[in-house]
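In my numbering, the protein residues as written are 399 to 710.
Cβ coordinates follow ideal geometry from the N, Cα and C atoms, glycine included.
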Ligand SMILES: C=C(O[C@@H]1C=C(C(=O)O)C=C[C@H]1O)C(=O)O
């Protein structure tokens, strides 16, 4: 029997809707799911310890020659995101010479913060470390916090200045920002196209189930994360799990900014997985009218499909 297809899941609330089908139906035979913070998943996909994973957009820019993107799947927002924050004891403009703690779980947000600082001519000492609670920034001027720690933590008690990085980006560029993407190693696409197709069709079905269960997801999130229901609703309204043209535009502009700053060698053009059958890549022109990973074709008929059909 073939080894299972290894999938990576970000262990934050932000992806609950995408993995709702997995939570509800279980992990299909032949697949494995590993949950970890984004930076850890980036490293695992780079090292070949995962086959398909949610990753930081910045990691894609570095690995675009080896990875392909899953169409219509991203973690983006058009304006504030609520879970990617620069917290500080002083205003952003006064940060020159300060030491900031950067969450080691992030690559996209970390690169975005470096970009904002450089753009403003602010030279800071950046210390990549664990940033989960305000105590983790003890003795520092401020820091970058992402994910559930950002959304749920009591940051404003210690840090009077809080900046939502996606909101800063929107104010400066007028564009959406895409923090996360889903990537597949090219090697695996070529070697195991059928299994990759099945895994991706399950992933996209899982998201479709989640999109139709947002009320339940919000209720569960409020209870498990001790959040007010309105905050959870607000949060999921900020997030967009697709990749509409405006988000691709934001992504491409972000890559160009990263290249201009010298953070990456070259701004890649996003290349999406086109067909599990041919493995042919397409440039950023995924046509939703022509779904390439078609559930009916590539998903094995069986209990998941029946259950899912009732849910979607
Ligand atoms: C929206 C968020 O974006 C996350 C931030 C990432 C990064 O900075 O590398 C990667 C994936 C996203 O899960 C969040 O942290 O909640």
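DSSP places residue 432 within a strand segment (E or B) once states are collapsed to three.
The C-beta distance from residue 482 to residue 563 rounds to 5 Å, short enough to fall under 8 Å.
Proximity of the beta carbon of residue 533 to ligand 1 is not indicated: no heavy atom of the ligand is located closer than 7 Å. Collapsing the DSSP output to three states places residue 616 in a helix. Judged by the Cβ position, residue 416 fails to qualify as a neighbour of ligand 1 at the 7 Å threshold, every heavy atom of the ligand being at least this far.
Between residue 605 and residue 415, the gap from beta carbon to beta carbon is short of 8 Å.
Between residue 475 and residue 497, the C-beta spacing is not below 8 Å.
Residue 500 is positioned such that its CB atom lies no closer than 8 Å to that of residue 493.
Burial check for residue 568: the Cβ neighbour count within 10 Å reaches 16 or more, so the residue is buried.
As computed with DSSP, residue 580 is found in a beta bridge with 452.
Listed in chain order, the non-local C-beta contacts of residue 435 below 6 Å within the same chain comprise 503, local neighbours out to five positions each way being set aside.
Distance from the C-beta of residue 561 to the nearest heavy atom of ligand 1 is not below 7 Å. If you check the C-beta of residue 652 against ligand 1, you find no heavy atom less than 7 Å away. In the DSSP annotation of this structure, the continuous segment of the alpha helix (DSSP H) that includes residue 419 starts and ends at 414-423.
For residue 486, the enclosing beta strand (DSSP E) has its first and last residue at 482-486. For residue 479, the shortest separation between its Cβ and any heavy atom of ligand 1 lies below 7 Å. Checking the 7 Å criterion, the Cβ of residue 578 is within range of a heavy atom belonging to ligand 1. Within the same chain, and ignoring the five residues on either side of residue 585 in sequence, no residue has its Cβ closer than 7 Å to its Cβ. For residue 520, the secondary structure class from DSSP, reduced to helix, strand or coil, is coil. Excluding its 5 nearest sequence neighbours in each direction, residue 665 has C-beta neighbours in its own chain below 8 Å: 459, 650, 653, 654, 656, 657, listed in chain order. Per DSSP, residue 478 lies in no beta strand (DSSP E) and is assigned neither H nor E. Look at residue 407 here: in three-state DSSP terms it is strand.
When the beta-carbon positions are compared, residue 671 and residue 587 come within less than 8 Å of each other. Following the DSSP letters along the chain, one finds residue 650 in no beta strand (DSSP E) but inside the alpha helix (DSSP H) bounded by residues 643-658. According to DSSP, residue 539 shares a beta bridge with no other residue. Under the three-state reduction of DSSP output, residue 528 falls in the coil class, being neither helix nor strand. In the DSSP assignment, residue 560 falls within the beta strand (DSSP E) that extends over 559-562. Looking at the DSSP output, residue 473 shares a beta bridge with 578. DSSP places residue 625 in the coil class of the three-state scheme, outside both helix and strand.
Following the DSSP letters along the chain, one finds residue 545 inside the alpha helix (DSSP H) bounded by residues 545-550.
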